[in-house]
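Each step along the sequence shown adds one to the number in my numbering, with nothing skipped, and position 568 is 584.
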Amino acid sequence: EAIQHELTAHWPGSQAVLRALAGFPQLVRQSVPQERRCSFIAPEDAVTPALQAAVAALDCELLFSAGRYLDVLPRGVGKGAALRRLAAAAGFDPASVVVAGDTLNDLSMFEAGFRGVVVGGAEPALAERVRKNPRVHVATLEGCGGILEGLARHGMPTGLASTPASMPACGDAELVMVYHRLPYDELVVDGVTLQRRPKSPNGIMPTLLNFFAGGRTGSWVAWSQQASRTPAGFETHVAVDPQRYPNLRAARIALTPDDIDLFYKKFSKEAFWPIIFSFPDKAEFKQAHWERFLEVNRLFAEQTAREAAHGATAWIHDYNLWMVPAFLRPLRPDLTIAFFHHTAFPSSDVFNILPWRRDIIGSLLQCDYVGFHIPRYVENFVDAVRSFAPVEVAASTPCAPRFLTYGCALGVDRMVTAIDVGGRKVALGAHPVGTDVALIRRLAHSSEVQRQLAELDGVLDGRTGIVSIERLDYVKGSLEKLQAFERMLERHPELLGQVTLLNIVTPAASGMEIYDSLREELDRTVGRINGRFSTLDWVPVRYFYRSLPFEDVVAHYAACGIAWITPLRDGLNLVAKEYVATRHAVGRPGVLILSEFAGAAVELHGALLVNPYDANAMGETLYQALTMGADEIAYRAARLAMIVDEHDVNRWGDGFLAALDRERAPLDAADERPAA
């Protein structure tokens, strides 16, 4: 506070500065937050003796950097002087302080007597001014990589002792998928690791694998659970499916059960998950877990760097690997790095609760293309970036008619499609994941699903089936849904015996203690509802707490005239699309009730949208669906089916890479990196 007071005492005030410099028309005020300084854009010839005299008369200093940025600051309180005072006030040994910078604006820090690092790509004038200073290292790597290079040069710990400064050796993969999971399940039988198809075939795995079906050379970087990180006889490279994908190999990273438990089950789910879905009160932050998270992300980055051919594309998936771009960019500046979020991205005020928010944003800004499900998440990301740096919007586009722009919680009118942050251009896009419509169509007409459908029709016995399928998770709103169903039965007793809720809850991964209390509450609520309303020949809630084969899920979709999908938050929600595709395939139009806080709400025109936090609206919207006329049901169902058919999972994957390809040309022209 004493330093803050001293800075304030020497500042004449912005208005006094602006009045004194009003006679210099070449100065254009920057539209960035400014406190105890005035920042302008100006050409080099604007820095005249007259301007310098006017600034000196204010008892201020003038800083000009990068050939265009001009700052007026209180005299003696530049970065170097302020840092000296701060270090002294905090009791820091000057020998333990290292400064880093990239423009002439940072020069005073390098002249303050501290050791320093000028990062790669810095303003040439700064590098020239400090080149003879023995305390300053001019790095070759950019950004974080340059800082790590400098710390190592100064003999200081980096916290990443085994991180190589560079990794020039290239692999031969044209496309590297970087995903926490392998594209197959590993099963150990008699000490031999066998591959088997994933339990859930209707994920994005088949779509991502299809990019290698034509013989494209690629690698799939993922973890493999092992007893140690260096198991004897461990094969890093394993063929995925030589017949279908002849040039695709899995590049396995050996992680221990403890690694996976901390990195994925604990840290990702306890620190990131609650923030991503705007439940900050449930978040737990532990620095030791973050350091393990960094360690695992570094392993993924290093393996990716080994796999990729020169100028290749690395496609990184989801928040579990948020820090991979930060480690990968210094190792392989030639790569095109793309990132896709399979979850939501929260508003900036929630995201910024994360203690490591700057690190994550800095890492994502090392990408060439960052994708999200919907425009709202793109805008949330841009707002988060603005929390730390001035952002120039390089391009934007209207969201309609593809996405709803009003009438739901997640609608926006326009979406930013490219930003410039400190000269670094990053392209952005919205790509809602689709479902595998062709697979659902085949399954819906299979003998097994038709057999189950006949059984379910018999169980429902003419009653309207309401299907609810979700994973056990507080973000899914399972408990709120059951409570709304109970209230609706109270308010509309004429529906007793006429409706049945098929409530399917998939268990969370083992070891996830955070969900135990939720399951107990669900069990109690189902028991209470059935105890209150059941008769000898009718049970209002048929509750299944287990994973069902996808064929069984399709049969339940086909049997139920209403899908009730009301998460409190959800990045997208593929269940909604699976339901629409199934009902269309069997020729039974159905009603989709969807939370307006699910990402799919802005895409699925024709759904009944509801606020899951509004207990009254939840019950009344369900009642509206139960009493809807056949013509309206058919109209809404046809509209939904057209959207789901047109934007299936294959179009999602093709669209993402096509968008990346479209952006590569302008990014190449704007950046010296060969493939950025």
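Cβ atoms here follow ideal geometry from the backbone N, Cα and C, with glycine treated the same way.
All values reported here derive from a predicted model rather than from experimental measurement.
Contact with chain B by Leu-278, beta-carbon distance below 8 Å: The structure shown contains no chain B, having only a single protein chain.
Proximity below 8 Å, CB of Thr-223 to CB of Trp-580: No.
Per DSSP, cross-strand counterpart(s) of Ser-55: Asp-87
For Val-483 and Leu-472, the rounded distance between their alpha carbons: The C-alpha of Val-483 is placed about 12 Å away from the C-alpha of Leu-472.
Start-to-end residues for the beta strand (DSSP E) that takes in Val-154: 152-158
Anticipated Cβ contact below 8 Å, Arg-440 with Leu-381, distance rounded: 6 Å
Cβ contact (3+ pairs, closer than 8 Å) linking the segment 313-327 and the segment 336-348: yes
Rounded separation between Phe-283 and Ile-291 - CA only: 12 Å
Identity of the residues DSSP links to Trp-580 by a beta bridge: Ile-609
Alpha carbon of Glu-408 to alpha carbon of Ser-47, nearest angstrom: 10 Å
Close Cβ partners of Glu-202 (< 7 Å) along its chain, the five nearest in sequence each way excluded: Thr-209, Gln-211, Ser-240
Nonlocal neighbours in the same chain, by C-beta distance under 7 Å from Ala-410, ignoring five residues either side: Ala-434, Ile-435, Asp-436, Lys-441
Strand pairing of Trp-554, partner residues [DSSP]: Thr-551
Under the three-state DSSP convention, the category Phe-672 falls into: Phe-672: helix per DSSP, three-state reduction.
Check whether Val-113 and Phe-126 have beta carbons under 8 Å apart: no
Cβ pair Ala-342, Ser-379 closer than 8 Å: yes
Cβ contact (3+ pairs, closer than 8 Å) linking the segment 90-103 and the segment 146-163: no
Which of helix, strand or coil DSSP assigns to Met-644: coil
Neighbourhood of Trp-27 by C-beta, 6 Å cutoff - its chain only, sequence neighbours within 5 removed: Closer than 6 Å at the Cβ level, and outside the excluded window around Trp-27, lie Arg-52, Pro-90.
C-beta atoms of Val-88 and Val-33 nearer than 8 Å: yes
Chain-order list of residues whose beta-carbon lies under 7 Å from that of Asp-228 (same chain, five-residue window excluded): In the sequence as displayed, the identity of residue 228 is Phe instead of Asp. Cβ neighbours of Phe-228 beyond the five flanking positions: Gly-234, Tyr-261, Asn-263, Leu-264.
Runs of alpha helix (DSSP H) wholly within the segment 279-309 (minimum 4 residues, chain order): The qualifying runs are 289-292.
Residues of its chain near Ala-181, where Cβ-Cβ distance is below 6 Å and the 5 sequence neighbours each way are ignored: In this prediction, Ala-181 has a pLDDT of 47, which is less than 50 and means its spatial position is unreliable; nothing more can be read from the coordinates.
Counted within 10 angstroms of its Cβ, other Cβ atoms place Gln-242 as buried (16 or more) or exposed: buried
C-beta atoms of Leu-310 and Met-339 nearer than 8 Å: yes
Check: His-357 C-beta below 7 Å from any heavy atom of the ligand ATP: Of the ligands one can find in the structure shown there are none, so the ligand ATP has no counterpart to examine.
Phe-367 and Leu-337 closer than 8 Å at C-beta: no
The segment 590-609 / the segment 498-510 touching (three or more Cβ pairs under 8 Å): no
CB contact flag (Val-254, Ala-238, <8 Å): no
Bridge partner(s) assigned by DSSP for Ser-412: Val-432
For Met-221, the first and last residue of its enclosing alpha helix (DSSP H): 221-226
Nearest to His-357 (by Cα), restricted to the options Tyr-335, Asp-375, Arg-373: Comparing C-alpha distances from His-357 to each of Tyr-335, Asp-375, Arg-373 shows the shortest one belongs to Tyr-335.
Pairwise C-alpha distance: Arg-374 and Asp-687: Its pLDDT being 45, under 50, Asp-687 is placed unreliably by the model, and nothing is read from it.
Alpha-carbon to alpha-carbon, Leu-495 and Thr-541: 8 Å
Own chain residues within Cβ distance below 8 Å of Ala-617, not counting five before or after: Leu-420, Cys-424, Ala-425, Leu-426, Leu-610, Ser-611, Ala-623, Leu-625
Contacting residues, own chain, Cβ-Cβ under 7 Å from Glu-60 (five flanking each side not counted): Gly-83
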